[in-house]
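Anchor point for the sequence shown: position 77 equals 65 in our numbering, and the numbering is continuous, going up by one each time. The beta-carbon is built from N, C-alpha and C at its ideal position, and this holds for glycine as well. If you're wondering where the values come from, they're calculated on a predicted model, not measured in any experiment.
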Amino acid sequence: MSNAVFPTFKGLAYPVSRQPNFTTRIQKATSGLESRAALQAYPLYTITLTFEFLSTADYASIANFFLSRQGAWDNFLFNDPTDNTATTQQFGIGNGTTTAFQLTRSWNGTGFAEPVNNVNGTPTIYINGVSTSAYTINSYGLVTFTTAPANAAILTWSGAYYYRVRFGADMNDFNQFMSNLFELKKLQLIGSVMNRV
-11 MSNAVFPTFK GLAYPVSRQP NFTTRIQKAT SGLESRAALQ AYPLYTITLT FEFLSTADYA
49 SIANFFLSRQ GAWDNFLFND PTDNTATTQQ FGIGNGTTTA FQLTRSWNGT GFAEPVNNVN
109 GTPTIYINGV STSAYTINSY GLVTFTTAPA NAAILTWSGA YYYRVRFGAD MNDFNQFMSN
169 LFELKKLQLI GSVMNRV
């Protein structure tokens, strides 16, 4: 597992495609009734990037990064430009005894919450809206308070995070379309905000 961060390049084009993928086992009876079993609680995302232009230096950088990961073999960190920040995101409610809480994130701060395992920098932790430094955080986003937060205390955090991803394939198709200019029409990344790949 690598903590190398995928570099940023000027030639990134829009749209950036992001597909959440779950795995569901479906068994259909002859009567037509279905039985379903969810095989994973959290999605893996397929993120598709397009680079319309890469300078010679950028081409060398992305090619070296890809080669250093040995294609899809090694995972790495990706700073998604549109999904990388939590702002006063609730991640727990105190009960007076529990001291350890996992950071989570959800779209717009509400709804389906996913554990965040790859924090980028040091987050700000709040208890009932007041920032605190009386905690430690491990490399997997687990916050441990020095003293258990009071019963019904709302725990929130603000900070940045990475996706842990791998390349979607063992090969990439770089094209040189002008002198010193390259393109990469499709670069797929597979991963999540957790350490699942």
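What distance in whole Å lies between the Cβ atoms of Asn183 and Tyr128, which are believed to be in contact at a cut-off of 8 Å? 7 Å
Starting from the C-beta of Thr75, find all residues in its chain whose C-beta is less than 8 Å away, skip the five residues before and the five after it, and write them out in chain order. Gly97 and Ser146
Distance between Arg152 and Thr134 (C-alpha atoms, nearest Å): 29 Å
Under the three-state DSSP convention, the category Tyr30 falls into: coil
Distance check for Asn116 and Ser180, CA to CA, integer angstroms please. 29 Å
Beta-carbon contacts of Ala140 that lie in its chain and below 6 Å, excluding the five residues immediately before and after: none
Every unbroken beta strand (DSSP E) within the region 106 to 138, with a cutoff of 3 residues, ordered by chain: 107 to 115, 118 to 120, 123 to 125 and 130 to 133
Quick check on the DSSP output: the alpha helix (DSSP H) that includes Asn183 runs from which residue to which? Run containing Asn183: none; DSSP gives neither H nor E here.
Across which residues does DSSP place Gln90 in a beta bridge pair? Leu130
Any 3 or more C-beta pairs closer than 8 Å across the region -2 to 15 and the region 23 to 30: yes
Taking the CB atoms as reference points, tell me whether Phe(-6) and Leu42 lie closer together than 8 Å. no
What residue from Tyr47, Thr18, Gly(-1) and Gln28 has the CA that sits closest to Asp161's CA? Tyr47
Residue ranges of each beta strand (DSSP E) within the region 57 to 87, 3 or longer: 64 to 66 and 73 to 81
Would you be able to state if there are at least three C-beta pairs under 8 Å between the region 76 to 96 and the region 49 to 67? no
Straight-line gap, Trp61 to Leu55 (C-alpha atoms, nearest Å): 10 Å
Under 8 Å, with one C-beta from each stretch per pair, do the region 170 to 177 and the region 33 to 42 reach the 3-pair mark? yes
Please tell me whether Val4 and Thr73 are closer than 8 Å, where the distance is taken between their beta carbons. no
Give me the residue from Ala101, Val131, Leu32 and Phe10 with the minimum Cα distance to Ile113. Val131
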